[in-house]
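A.B. asks: Before I ask anything, let me first share the structure, which is written out below as structure tokens.
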Amino acid sequence: MSYQTRSGRMGQLVSIGTLNMPIITMALVLGLVGVMMLYSVAGGDFSPWAWRHASRLAVGLLLMYAIANLDLRTIFNAAYPIYGVIFLLLAAVAVFGNSGMGAQRWLDLGFVTLQPSEFMRFAVIMALARYYHTLHRDDVSQPFGLIVPIGIIGIPALLIFAQPDLGTAIMLAVSGLGVVFLAGVSMRYFIAGIAVTIAAVPVVWNYLYDYQKERVLVFLDPERDPLGAGYHIIQSKIGIGSGGLFGKGIAQGTQSQLKFLPERHTDFVFAIYAEELGFMGSLLLIFLFAILIFLMFTIAAQMRHRFSQLTIAGFAFALSIYVIVNLAMVMGLAPVVGVPLPFISYGGTSLLTFMAGLGVILALERQPMAELPK
Amino acid sequence: MSVYDMEGQKFSRRLLLLGGLQGGLFLVLGGRLQFLQVARSDVYETLAEANRVNISQISAIRGRITDRTGKLLADNDRNLQIRMVPERVGNMDVTLRDLARLLKLSPSELHEIRRKIRRGPSFKPVVVLEDLSWDEFARLNLNMPYLSGIEPLVGQKRVYPHAQSVAHLVGFVGTKTREDLQRVEDIVGDYVGRSGVERDFERDLRGTPGVRHVEVNAIGRTVRELQSEAGKKGRDLALSIDLELQNFTTTRIKGQSGSALVMDIHNGELISMVSAPSFDLNKLSRGIDVEEWEQLIDHERKPLVNKAMQGLYAPGSTFKMLVALAALEDKLIDPEEKITCTGVYKFAREEFHCWTADGHGPVNMIDALERSCDTYFYDLALRVGIDRIEAMARRFGFGKVTGIDLDGEKGGTVPGRDWKRANYDTGWRSGETIITAIGQGYLLATPLQLAVMTAALANGGKLVQPRITKSDETTEPAAELGLKPENMAVVQRGMYRSVNRPDGTAYASSLLIDGARMSGKTGTVQVRRISKDERLNGVIPNSKLDWHLRDHSLFVGYVPHNKPRYAVSVVIEHGGGGAQVAAPIARDIMVRLLQKKPIARAPKLASHDRSEAGS
């Protein structure tokens, strides 16, 4: 098979028109929804959050385009090294990291603070895709074929869990297991795994920090502590519920503007969105996310290389669980675990990693025929 | 069927399974939304409307600022305010008309209130009026039943009893704007320091706001208080300055443009630090209009600048002590060696003039300091060289900030070969060494740096770090410069004679109180070039020149001469000769200081200081 790309000659930037426009459009629309909500949360002001979100969105688009230019083989070859570097960063956080809000998550590089755990979820997906690309299909469900994937997922998940950041650790593990599932590992393992997890709940419970236990207890019964830990959930539900069918209008939400709701610009931004834009607006947002994920799955199904299939589908799955878990948490269907809403919550690492992930998808989609080593 | 296709099919199957699971979860979310926002929306609407728990914040009382004796420099006063929640006002026009009648508001005030109301969302409380008198406040309270949506409130405001004399040190506060709100507990409308100590010690002064949880009914009236967490009052802060001396100094240099400061030579505490002209803290804290602000900014004499630490001046003859020390430390001259001054010093076809055209005749080092002979130092400069002069200046803290606990300090310039190369891209010339030796040319320092230098000369060679707050256990001891005591003695001797001998430049400013005399050194800095013609026809006296062409007048000194304790540094911009203007000011300040004994001491030093002060 001859090597060819849609961009024509090597060394030239690909024309934007040859990239998957629906994906780019969806990312832009969702990012702009984020800008609008952050403008609203600040009481109708671009500072302190909205303009920064907008500039990060612009940087993110450039990053996405830059990554979309990469050669498929470059990405393929980089999968393990990227995993290695981020793994080292994660280990560095464990040793040197800054403690913020009682947890060690950030690595201060002087000019920028990084949250390596946010990068890790994509690195894990790519490393797994790279692994299964080479693994013979007969070995996929063999016990020895499972050791490496479990290591790839498990070790960083444990490091993140120890930060302590239970939410991100679980998200990472689930994203990774999604790839393992897509790779075709026998269903038996998953059924067994779920059984073991349920059995392990009492054991894990003992290892949780008090605030984590409290969150779970409060999730089960928010009235337990209406001014303390249950406050988030109660106020968030009031915000969403009082939005009604059509919402109260941008920057008019009483829950948000009277500052009843904490973390309004980060994890709980959807509560403000639902309050101000109502049921119709909320359905529209969920629909937008669903379209984006559906598009990514469609692309994955059209790919020939195992690496491309698993990377794209893995990214799609990771995005979907972020959206689902965040929304469920804000609506009081899941415990408060500190998961941002992709593209919309304020936070540079989250936005940039998702944009970079889309860039990888664009690059893979562009080069379905390029040759990869087996 | 090929291997590829089999794998592809399995992948598609799994993809479909996963996609189905996600689709299902999205449906669950949609259902939950429907439940919250449609089915039970009326329940949540009521809950939001009358959000049972109303959380309001109570501003913390800002810490007060005092002088070293506890006299108040910044205090809090009651601020009677009216707050309005616009959406709870029945008829806005009627309510505003009633308010205007009750409080005799002018149309423009009324207009301003309407503007404030329009700015925020209608459910947010707005402070519509503040600084009411008791009378007005009482009248309003009496009429409360007829005014819905209006709430009288007793708040806080900042007042400065000595708004002019401590303006540059204490600084002023302003109302927090949206940009200031960095933290969750920050409150719009609270005060935040905008300059001076108010800004630099914001963290200490601010305190922690309290939180009040109250149960409110649907129209927002408080039903009962659920729980309250009192805020923590900000920390009171004592400055090192003595208000009485500060006020005296302020009066003494009124009408001038410049600064005067007095520093404890052992711990660096500033006993007074005055910059003139000044401004009114109370006015700036309450907010002034753009026009007034621009007037302050554009004023020729820069009232907003703290000249004591932000003004940069050539030190003039006050720098000669360091040139002398540089020579002595490296044994480049015997202090007794005489150099003859004819009034003009010729070097490389250039003429360098001594300040007196007739010349001083043969002078040794002590004579040269006493009479401020320029020629002696011209000659000495060439023996010492710029490298040693530069090194000595840097040792005494020139060229970098002193590290005083106030922001905005300037560091000045110490010229040298590297500096010249970096800034002018040319080599150093010997003629430049000559003018540097008399503190002119590129050399620039703040009056504060001159005070630190003087303190080090007086305390036997220790570089103190000046401070505006009282020193305590955490204060670092002054850095030892490692200079030879016999060399320090020569310089001190020169400074003593400069003030206390009839030939000394500052003899007119000598003082004697309980056996204490002042030692010091004058400095006169030219800000214009004197032409050859002018020298021939007689130099124009300062009094005949435009203000901005007159010489800067400097004096540094310390008291008592035999047991040094306080350093003084005075710089009057375009004041004229150092001996005529700055030295008498320094004398008056020092007389005042010596007369008012004992001056309050920092607690730590109290035990061993008492014996000194008792003499």
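If you read the sequences in order, they're chains G and D.
Just so you know, we're using my numbering here: the first sequence kicks off at 6 and counts up by one.
Just so you know, we're using my numbering here: the second sequence kicks off at 26 and counts up by one.
Here a beta-carbon is modelled for each residue, glycine too, at the ideal position from N, C-alpha and C.
Just so you know, these numbers come straight off a predicted model, no measurement behind them.
1. Find the nearest neighbour of residue 438 of chain D within the set D:449, D:455, D:446 and D:419, judged by alpha-carbon distance.
2. Quick one: which chain D residues come within Cβ less than 8 Å of residue 336 of chain G?
3. Name the two residues that bound the continuous beta strand (DSSP E) containing residue 108 of chain D.
4. Closer than 7 Å by beta-carbon distance: list the chain D residues that pair up with residue 384 of chain G, in chain order.
5. Assuming the contact rule is C-beta atoms closer than 8 Å, residue 81 of chain G and residue 135 of chain G should be a hit. Round their C-beta distance to whole Å, please.
6. Straight-line CA distance for residue 221 of chain G to residue 255 of chain D?
7. On the DSSP bridge assignment, give the partners of residue 289 of chain D in chain order.
8. Please determine if the segment 389 to 407 of chain D and the segment 355 to 365 of chain D are in contact, where contact requires at least 3 C-beta pairs separated by less than 8 Å.
9. Which two residues bound the contiguous alpha helix (DSSP H) that contains residue 580 of chain D?
10. Tell me where the beta strand (DSSP E) around residue 142 of chain D begins and ends.
11. Buried or exposed: which applies to residue 345 of chain G, given that a residue is buried once 16 or more other Cβ atoms fall within 10 Å of its Cβ?
12. For the segment 145 to 158 of chain G, list every residue whose C-beta sits within 9 Å of some C-beta in chain D, in sequence order.
13. Going by the DSSP bridge assignment, what does residue 521 of chain D pair with across the sheet?
14. Rounded to a whole number of angstroms, what is the C-alpha to C-alpha distance between residue 27 of chain G and residue 68 of chain G?
15. Could you check whether the Cβ of residue 106 of chain D sits closer than 8 Å to any Cβ belonging to chain G?
16. At a cut of 8 Å, does the segment 50 to 58 of chain D reach the segment 290 to 310 of chain G through at least three beta carbon pairs?
17. Can you check whether the C-beta of residue 68 of chain D is within less than 8 Å of a C-beta belonging to chain G?
18. Any contact of the segment 282 to 292 of chain D with the segment 591 to 598 of chain D, i.e. 3+ C-beta pairs under 8 Å?
19. Which class does residue 213 of chain D belong to by DSSP, given the choice of helix, strand or coil?
20. I need the DSSP call for residue 504 of chain D, collapsed to helix, strand or coil.
21. Report the rounded CA-to-CA distance for residue 305 of chain D versus residue 189 of chain D, giving the unit in angstroms.
22. For residue 138 of chain D, which residues of its own chain have a beta-carbon under 6 Å away from its beta-carbon, when the five flanking residues on both sides are left out?
23. So is residue 35 of chain D in contact with chain G if we call contact Cβ pairs under 8 Å?
24. Measuring only the C-alpha atoms, how far is residue 406 of chain D from residue 383 of chain D?
25. Can you pull the chain D residues whose beta carbon is under 8 Å from the beta carbon of residue 287 of chain G, in chain order?
26. CA-CA distance, residue 222 of chain D and residue 98 of chain D?
27. Could you tell me whether any Cβ in chain G is nearer than 8 Å to the Cβ of residue 178 of chain D?
28. Counting contacts by CB-CB distance shorter than 8 Å, is residue 283 of chain G in contact with chain D?
29. Quick check: is the beta carbon of residue 304 of chain G nearer than 8 Å to any beta carbon in chain D?
30. With a Cβ-Cβ cutoff of 8 Å, do residue 362 of chain G and residue 71 of chain G count as a contact?
31. By a C-beta neighbour count over all protein chains shown, 10 Å radius and 16 as the cutoff for buried, is residue 4 of chain G buried or exposed?
32. Among the residues of its own chain, which have a CB less than 7 Å from the CB of residue 270 of chain G, if the five just before and after it don't count?
33. May I ask you to verify whether the segment 157 to 171 of chain D touches the segment 99 to 113 of chain D, counting CB pairs closer than 8 Å and requiring at least 3?
34. Output yes if chain D places a C-beta closer than 8 Å to the C-beta of residue 325 of chain G; else output no.
35. Using DSSP bridges, identify the partner residues of residue 372 of chain D.
36. When the distance is taken between beta carbons, is residue 234 of chain D closer than 8 Å to residue 83 of chain D?
C.D. replies: Put simply:
1. D:419
2. 54, 57, 58 and 61
3. 97 to 109
4. Because chain G in this structure spans residues 6 to 379, residue 384 of chain G falls outside the shown range and cannot be described.
5. 7 Å
6. 30 Å
7. BP columns for residue 289 of chain D point to D:591.
8. yes
9. That residue, residue 580 of chain D, is in no alpha helix (DSSP H); its beta strand (DSSP E) goes 577 to 584.
10. Run containing residue 142 of chain D: none in the beta strand (DSSP E); it sits in the alpha helix (DSSP H), 132 to 144.
11. buried
12. none
13. Note: residue 521 of chain D sits in no beta bridge, so no partner.
14. 17 Å
15. no
16. yes
17. yes
18. yes
19. Here residue 213 of chain D scores only 48 on pLDDT, less than 50, and its place in the model is too uncertain to base an answer on.
20. strand
21. So the alpha carbons of these two residues sit roughly 5 Å apart.
22. 153
23. yes
24. 21 Å
25. Contact annotation for residue 287 of chain G against chain D: 58 and 62 [CB-CB distance below 8 Å, chain order].
26. 11 Å
27. no
28. yes
29. no
30. no
31. For chain G, the structure presents residues 6 to 379; residue 4 of chain G sits outside this window and is missing.
32. Correct list, in chain order: 43, 46, 54 and 351.
33. yes
34. yes
35. Per DSSP, D:375.
36. yes
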